[in-house]
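Quick note on numbering: the sequence shown equals residues 1 to 202 in the numbering used here. Don't be surprised by glycine CBs; every beta carbon is placed ideally from N, CA and C. Note that the structure is predicted; figures quoted are calculated from it, not measured. Following: one structure in structure tokens, then a few remarks.
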Amino acid sequence: MKIVNWNDHEIRFIEIETEWWAIAKDITDILGLNTAYASTRYLDEDEKTTLLTRQGGSNYQSKMVYINESGIYALILKSKLKEAKHFQKWITKELLPSLRKNSGLEAWQTFRMLDKEHQKKAMDTIASPVKVNFIKANTIANKAVSTKYGYSKMISKDDMNGQMLEDRQVILDKTIQLMNFNQEYNLGLSISEKIYESNTLN
């Protein structure tokens with residue numbers, strides 16, 4: 001077991017077949033969420049597992065819920081704490097690259113897997129989950145990233161590098177939030193126009 005610290009919070013990790021899993025309670029405590037059981041109840045089965053874990057240096061073992069990288073990211077998206085954004089950056093830019101380096105897993109491969117999971121979770125937050133909204137949100141995010149990096153035409157997600165994919169995740173979240181507000185309050189905004197305006201090339 002590997003123990004790391006973030007803002008005086010202890011996070012316990014174990015490695016299972018080159019993938020790092022954290023004790024869910026450690027993550028939910030940081031993010032101000034409900035109990036580990038309640039918070040992980042609706043995670044996909046491949047994002048969580050339950051293992052017997054020795055507590056406090058004793059021989060006593062109790063069942064603990066563990067979550068992998070995509071499970072951690074899913075919980076970050078649920079948190080309402082302002083610290084969640086800082087925790088996300090620390091997880092994705094410092095801790096996980098270090099763990100992956102030690103385990104021999106290529107960072108690019110892992111980021112690709114995490115990006116796919118992020119898109120799935122983001123799409124689940126759209127108020128009217130119809131196909132046209134899925135397509136619209138992704139198209140806006142792709143075009144905004146392309147414009148931000150100086151491309152005259154939209155490029156696909158598969159053609160984006162790591163930094164572009166990171167920016168795309170943020171833009172996709174903002175796009176979906178704006179779509180939901182626009183629908184809920186009948187604001188009549190042009191979602192694409194607002195997103196493109198805020199992501200022009202500096």
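Note to self: Can you tell me whether Thr40 is helix, strand or coil according to DSSP?
What the structure shows: Sequence index remark: in the sequence shown, residue 40 carries index 40 (1-based). Secondary structure of Thr40 (DSSP, three-state): helix.
Next item on the list: Name, in chain order, the residues that DSSP records as bridge partners for Thr49.
Entry: Within the sequence shown, numbered from 1, the residue matching residue 49 stands at position 49. In DSSP, Thr49 forms a bridge with Tyr66.
Checklist line | For Asn133, the three-state DSSP class (helix, strand or coil) | finding: Within the sequence shown, the letter at position 133 stands for residue 133. Asn133 carries a helical assignment under DSSP once its states are collapsed to helix, strand and coil.
Next item on the list: Would you please state the rounded distance, in angstroms, between the beta carbons of Ala74 and Leu43? I believe it to be under 8 angstroms.
Entry: Against the sequence shown, residue 74 aligns to sequence position 74. Against the sequence shown, residue 43 aligns to sequence position 43. 6 angstroms between Cβ atoms; contact.
Note to self: Across the region 11 to 21 and the region 32 to 40, are there enough close Cβ pairs to call them in contact, namely three or more that are closer than 8 angstroms?
What the structure shows: Segments in contact, no.
Next item on the list: Could you check which residue in Ile171, Tyr185, Asn182 has the C-alpha nearest to that of Gln195?
Entry: Walking along the sequence shown from the start, residue 195 turns up at place 195. Position check: residue 195 holds Ile in this sequence, whereas Gln was assumed. Answer by Cα proximity: Ile171.
Next item on the list: Could you check the C-alpha separation between Asp26 and His9 for me, to the nearest Å?
Entry: As a working mapping, residue 26 is identified with position 26 in the sequence shown. As a working mapping, residue 9 is identified with position 9 in the sequence shown. So the two alpha carbons sit approximately 8 angstroms from each other.
Notebook entry, point to check: Beta-carbon separation of Lys6 and Phe134 under 9 angstroms?
Noted result: Locating residue 6 in the sequence shown gives position 6, counting from the first residue. Locating residue 134 in the sequence shown gives position 134, counting from the first residue. Rather than Lys, the amino acid found at residue 6 in this sequence is Trp. Contact flag unset, no.
Next item on the list: Take the Cβ of Glu106 as the centre, count every other Cβ of all protein chains shown within 10 Å, and call the residue buried at 16 or more, exposed below.
Entry: If you number the sequence shown from 1, residue 106 lands on position 106. The pLDDT assigned to Glu106 is 47, lower than 50, so where the model puts this residue is not dependable; a value taken from the coordinates is nonetheless given after this. With fewer than 16 other beta carbons inside 10 angstroms of its own, Glu106 counts as exposed.
Note to self: Distance check for Val65 and Ser146, CA to CA, integer angstroms please.
What the structure shows: Along the sequence shown, one-based indexing puts residue 146 at 146. Along the sequence shown, one-based indexing puts residue 65 at 65. Rounded to the nearest angstrom, the two C-alpha atoms are 40 angstroms apart.
Check: The alpha helix (DSSP H) with Ile14 in it runs from where to where?
Finding: The residue you call residue 14 lines up with position 14 of the sequence shown. For Ile14, there is no enclosing alpha helix (DSSP H); the enclosing beta strand (DSSP E) covers residues 9 to 16.
Note to self: Measuring only the C-alpha atoms, how far is Glu184 from Leu51?
What the structure shows: Here residue 184 is taken as the residue at index 184 of the sequence shown, counted from 1. Here residue 51 is taken as the residue at index 51 of the sequence shown, counted from 1. So the two alpha carbons sit approximately 42 angstroms from each other.
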